[in-house]
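Student:
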Amino acid sequence: MRFLIQRGEDVNKQNKYGASPLHLSAALGDIEIVKILLDAGADPNIKDNEAWSPLHYVSASEMFDALDFMLEQSGDECLNARDKDGSTPLHYAASVGRMKSCEILLKHGCKKSIRDNHGRTACDLAMLFGYVDVVELLREN
Numbered sequence: 001m002r003f004l005i006q007r008g009e010d011v012n013k014q015n016k017y018g019a020s021p022l023h024l025s026a027a028l029g030d031i032e033i034v035k036i037l038l039d040a041g042a043d044p045n046i047k048d049n050e051a052w053s054p055l056h057y058v059s060a061s062e063m064f065d066a067l068d069f070m071l072e073q074s075g076d077e078c079l080n081a082r083d084k085d086g087s088t089p090l091h092y093a094a095s096v097g098r099m100k101s102c103e104i105l106l107k108h109g110c111k112k113s114i115r116d117n118h119g120r121t122a123c124d125l126a127m128l129f130g131y132v133d134v135v136e137l138l139r140e141n
């Protein structure tokens with residue numbers, strides 16, 4: 001990656017699906033590449049064709065260190081970023097039962113009251129998919 005950056009490659013170049021190198025690194029949870037890209041000026045708020053930010057990708061994964069690092073580096077704009085369906089990274093984490101991701105997102109100030117385009121909160125999605133521990137977390141905080 002450093003070689004490509006040194007050659008002047010665009011760190012925000014998107015593929016036909018709108019995914020940037022940061023999206024793909026976040027999806028893989030490769031924290032070292034995420035760091036290199038952010039240091040080289042990659043946009044943490046860049047959206048793909050579905051309006052997913054890199055944070056949407058990493059929130060649904062089990063790459064907790066990468067999630068925490070990205071939140072520390074990217075600021076508030078992407079914390080509550082919404083995709084085409086109105087879902088935030090917290091919606092994604094809750095819908096797949098990623099308790100630790102939900103905890104990290106809440107620690108950084110993610111708003112749990114945001115409703116998607118179907119009127120559902122992250123807590124509603126956790127309940128819908130049977131993630132009782134996530135429901136309890138979202139109700140407590």
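Using full-length UniProt numbering, the first residue of the sequence shown is number 1, and each one after it goes up by one.
Virtual Cβ for every residue (Gly too), placed ideally from N, Cα, C.
Could you check whether Ala93 and Ser59 sit closer than 7 angstroms to each other, using their CB atoms as the reference points?
Tutor: Taking a C-beta distance under 7 angstroms as the contact criterion, Ser59 and Ala93 qualify as a contact pair.
Student: Taking C-beta to C-beta, are Asp48 and Gly75 nearer than 7 angstroms?
Tutor: Contact: no.
Student: Give me, in chain order, the residues of the same chain whose beta-carbon lies closer than 6 angstroms to that of Gln73; leave out the 5 immediate sequence neighbours on both sides.
Tutor: Leu38
Student: Find the nearest neighbour of Leu137 within the set Ile114, Ile104 and His56, judged by alpha-carbon distance.
Tutor: Taking Leu137 as reference, the option from Ile114, Ile104 and His56 with the minimal CA-CA separation is Ile104.
Student: Consult DSSP for Val96 and reduce its assignment to one of helix, strand or coil.
Tutor: coil
Student: Residue 144 lies in the alpha helix (DSSP H); which residues open and close that run?
Tutor: The requested residue 144 does not occur in the structure, where the chain is confined to residues 1 to 141.
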